[in-house]
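One structure below.
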Amino acid sequence: MSDPTPADGRTRRFRLFRYRRGDGAPRSETFDVPVGASRTVLEGLRWIKVHADPELAIRHSCFHASCGTCGVRVNGREALACVAALDATTTSVTVEPMANHPVLADLVVDMGPFVDRFTEPHPLVRPVEPAAGPAMSPEGEPHERFEDCIECGLCLSACPVAATDDTYVGPAALAYAQSLLDRGEGDRDAILDWADGPGGAWRCHAAFECTEACPSDVRPAQRIMALRRELVRPRRRR
Amino acid sequence: MSVRPSRLRSAHVLIVGGGGTGGALAHDLALRGVRVTLVERGEFTSGTTGRHHGLLHSGARYAVNDRESAVECIDENLILRRIAPGSFEENDGLFVALTDEDMAYYPSFLEGCEATGIPIEVLTPAQALSMEPGLNPGLRAAVRVPDATMDAMRLPLRFFATAKRNGAELLNHVEVTGLLIDQGVVGGAAIHDHVTGRDAEIRADIVVNATGPWSESVARMAGVDVPIRPSPGVMLAVRGRLCQMVVNRMHASGDGDIVVPQRALSVVGTSSWVVEDPDDLGVPEDHVRRMIEEGSRLLPAVADAPFRAAWSAARPLIGTRGDADSGRELSRTFKTIDHADVDGVEGFVTITGGKGTTLRGMAEVCADVVCRKLGSDEPCRTRETVLLPHTAAFAA
Chain A
1 MSDPTPADGR TRRFRLFRYR RGDGAPRSET FDVPVGASRT VLEGLRWIKV HADPELAIRH
61 SCFHASCGTC GVRVNGREAL ACVAALDATT TSVTVEPMAN HPVLADLVVD MGPFVDRFTE
121 PHPLVRPVEP AAGPAMSPEG EPHERFEDCI ECGLCLSACP VAATDDTYVG PAALAYAQSL
181 LDRGEGDRDA ILDWADGPGG AWRCHAAFEC TEACPSDVRP AQRIMALRRE LVRPRRRR
Chain B
1001 MSVRPSRLRS AHVLIVGGGG TGGALAHDLA LRGVRVTLVE RGEFTSGTTG RHHGLLHSGA
1061 RYAVNDRESA VECIDENLIL RRIAPGSFEE NDGLFVALTD EDMAYYPSFL EGCEATGIPI
1121 EVLTPAQALS MEPGLNPGLR AAVRVPDATM DAMRLPLRFF ATAKRNGAEL LNHVEVTGLL
1181 IDQGVVGGAA IHDHVTGRDA EIRADIVVNA TGPWSESVAR MAGVDVPIRP SPGVMLAVRG
1241 RLCQMVVNRM HASGDGDIVV PQRALSVVGT SSWVVEDPDD LGVPEDHVRR MIEEGSRLLP
1301 AVADAPFRAA WSAARPLIGT RGDADSGREL SRTFKTIDHA DVDGVEGFVT ITGGKGTTLR
1361 GMAEVCADVV CRKLGSDEPC RTRETVLLPH TAAFAA
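Printed below as a string of structure tokens:
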């Protein structure tokens, strides 16, 4: 099939964060990747792994911003590598792992602690939600769709509060709590108590970096603000 | 075949490959009480599984030309909805006919769905347009089928999550570098851990090769061949939900004949060709253009929808070199190979072919083979076992 390597041999320089447990401090390493083989950051990382260094540790799955597996920092900004487009004039790019997540190796972070923030009091299965739009099912029910949040962790990486306070549950978990309240799902009082707790919604400094970083238009910061409005309303307890 | 007493409880099975098939197999074997280790050289689902367009097949796509696959799909479709609630947008699918050629295919399509037990509802074009206003208004016929949208990573991760809870050891970023072979018996694998940089050996009574389009290269480590052709397809994601149901073209398989709504995206698929190396696919520009051209025949808004991503994924199709040029001609069914029977190599089983929709069924058939080799007829329990949430796969 077609060869992505351009005939003119032009390359762009990838500067990557490298780290192995037991190898001492992280270092940076550069690779020159054919421009045509790196139309996105993820294509470039794949090219390096296949053609230059099979030891490079990376995460990816869907390649279209639907799974949330390939979150990294590109030139210091949070991005999903799979949709971080590199235009033909870009000659260099720096790729680092997400911040505020434990780094296991190179660009691979441990998602366990991030996911743990969702576990209480939230149900672990994220139910499908009604889809917006005119189309209805033949039975007249609204169609269902998956939630927008893809649990990529970029919001936590971008969060200035999480950078200094690892007890803060962070934007994704709070936004999810708000979405449950919005839909009338889950134990309302338990969710509000949790969001009112020491690592909860009041820790947010309203920097809105999470909303800026979110690749899926969840708008976590706006949801945290909505959650706060719920928290200051008088609660009806049964 | 073994006639000795069952070694099931003392045996160790090593699964190579952390895609949907490997995950479902780990889950199946763990439920049957087998000690399982699974190794995946990258992130789970990073090879082929996670890259698919997210269609839970009704089987209707294969009802005419590949009835074995069609039956597998509809059976598994109904089982998966039961064991993985919340992991599907249960919005059904439409097959729409646009041309004279499509209309000529229509009777065989209806007959194929009937013969394979796929429940359908014939709609008028007006009914179809009222359900999906974005459809090509020139459609000639439409049939509703029980397709659905799945999350291509999170559905398989529920198998991993449940396997882990039941004691399976699941290791990502761990690559098999060779097989341990003693006098024609495979007894484990040499591994390299990309996170720690460590090399080690894992001993096992049976090694299962569940590496999809890579199964040929893993089989070669045991000195055997498997009849697999890595057949990539290009997919295109555009922003916006251009439809709420899955929209398929009613014809024999072709490029750009499906649009799957998924979150706030619409995924248009697919093309098909054949490669030697599934690691190095590329995304041919002309295939992306075909997706836009053909996709917009189904849903005109595809032509102007904002681009989100284009990528390739390699299917593991069963067939030998020279069987097919495009991969379209190859069946989507799956195959379990006990290399003791075929090649005289004991302790090594390959499971390959198949589709995302049939992951559980593939695992059941393969686990039956593995258990028989261990002298056990322990039954499969995955049809009834509701899976844990995907997040449990990441939990410590």
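Line by line, the protein sequences are chains A and B. The opening residue of the first sequence carries number 1 in my numbering; numbering runs sequentially from there. The opening residue of the second sequence carries number 1001 in my numbering; numbering runs sequentially from there. For every residue, glycine included, the Cβ atom is placed at its ideal position computed from N, Cα and C.
* For MET1417/B, which three-state DSSP category applies? -> Outside the shown range of chain B (1001 to 1396) lies residue 1417/B, about which nothing can therefore be said.
* To do: Run through the stretch 167-232 of chain A for me and flag every whole alpha helix (DSSP H) of 4 or more residues, listed as ranges in chain order.
  => Annotation note: the stretch 167-232 of chain A contains the following uninterrupted alpha helix (DSSP H) runs of length 4 or greater, listed N- to C-terminal: 171-183, 188-196, 209-213 and 220-232.
* Quick one: give me the first and last residue of the beta strand (DSSP E) that ILE1191/B is part of. => 1185-1193
* Who pairs with THR1149/B in a beta bridge, going by DSSP? -> LEU1055/B and GLU1089/B
* **7 angstroms Cβ cut-off: residues of chain A touching TRP1214/B** => Within chain A, no C-beta atom comes less than 7 angstroms from the C-beta of TRP1214/B; the nearest is roughly 13 angstroms away.
* Per the contact definition of three or more C-beta pairs closer than 8 angstroms, is the stretch 64-81 of chain A in contact with the stretch 25-33 of chain A? -> no
* To do: Spell out whether any CB of chain A is found under 8 angstroms from the CB atom of HIS1057/B.
  => no
* Does the beta carbon of GLY112/A sit closer than 8 angstroms to a beta carbon anywhere in chain B? -> yes
* With DSSP as the reference, label LYS49/A as helix, strand or coil. => helix
* **LEU1031/B: first and last residue of the uninterrupted alpha helix (DSSP H) it sits in** => 1020-1031
* To do: Identify the continuous alpha helix (DSSP H) that holds ARG1290/B and give its terminal residues.
  => For ARG1290/B, the enclosing alpha helix (DSSP H) has its first and last residue at 1285-1298.
* C-beta neighbour in chain A for SER1046/B, strict 8 angstroms -> So yes, SER1046/B belongs to the interface.
* Extent of the continuous alpha helix (DSSP H) run through PHE1160/B -> 1154-1165
* Determine, using beta carbons only, whether GLY1197/B comes closer than 8 angstroms to chain A. => yes
* Whole-angstrom distance between THR1352/B and GLU209/A, CA atom to CA atom -> 44 angstroms
* Excluding sequence positions up to five away, which residues of its chain have a Cβ less than 6 angstroms from the Cβ of LYS1355/B? -> ARG1332
* Asked: On the three-state DSSP scale, how would you describe TRP1311/B?
  -> strand
* To do: Kindly identify the DSSP beta-bridge partner or partners of GLU1175/B.
  => Looking at the DSSP output, GLU1175/B bridges to HIS1192/B.
* By DSSP, does ASN1397/B sit in helix, in strand, or in coil? -> Summary: the structure shown does not reach residue 1397/B, with chain B confined to residues 1001 through 1396, and so no result is reported for it.
* **Those residues which DSSP pairs with ARG18/A across a bridge** => ARG27/A
* Cα-Cα separation, PHE114/A to ILE150/A -> 12 angstroms
* Asked: For GLU1276/B, which residues in chain A fall below 9 angstroms Cβ to Cβ?
  -> Within 9 angstroms Cβ-Cβ: nothing; GLU1276/B doesn't reach chain A, min ~11 angstroms.
* Residue range of the beta strand (DSSP E) that includes ILE1015/B -> 1012-1016
* Quick one: Cα of PRO171/A to Cα of ALA195/A, how far? -> 11 angstroms
* Asked: Can you round the beta-carbon distance between ILE1191/B and GLU1169/B to whole angstroms, since I take them to be within the 8 angstroms contact cut?
  -> Not a contact, Cβ separation roughly 12 angstroms.
* Closest Cα partner of GLY1256/B within the set ASP1279/B, ARG1203/B, ALA1310/B and ASP1277/B -> ALA1310/B
* Reducing DSSP to helix, strand and coil, say where LEU104/A ends up. => strand
* Asked: Taking any Cβ of chain B, which residues in the stretch 90-109 of chain A have a Cβ under 7 angstroms from it, in chain order?
  -> LEU104, ALA105 and VAL108
* To do: Scan the stretch 49-62 of chain A for residues whose Cβ lies nearer than 7 angstroms to a Cβ of chain B and list them as they occur along the chain.
  => VAL50, GLU55, ALA57, ARG59, HIS60, SER61 and CYS62
* What residues are listed by DSSP as bridge partners for THR1037/B? -> In the DSSP output, where bridge partners are listed per residue, THR1037/B has LEU1014/B and GLU1169/B.
* Asked: When the cut-off is 8 angstroms and only beta carbons count, does HIS1194/B lie next to chain A?
  -> yes
* Local Cβ density within 10 Å of GLU1293/B, reported as buried at 16 or more and exposed below that -> exposed
* Work out the CA separation of GLY1197/B and VAL1386/B for me, nearest whole Å. => 37 angstroms
* Could you give the residue range of the beta strand (DSSP E) that holds GLN1127/B? -> Per DSSP, GLN1127/B belongs to no beta strand (DSSP E); it is in the alpha helix (DSSP H), 1125-1131.
* **ARG1140/B in three-state terms, based on DSSP** => coil
* To do: Go through the stretch 1060-1108 of chain B residue by residue and report every complete run of the alpha helix (DSSP H) that reaches 4 residues or more, in order.
  => 1067-1083
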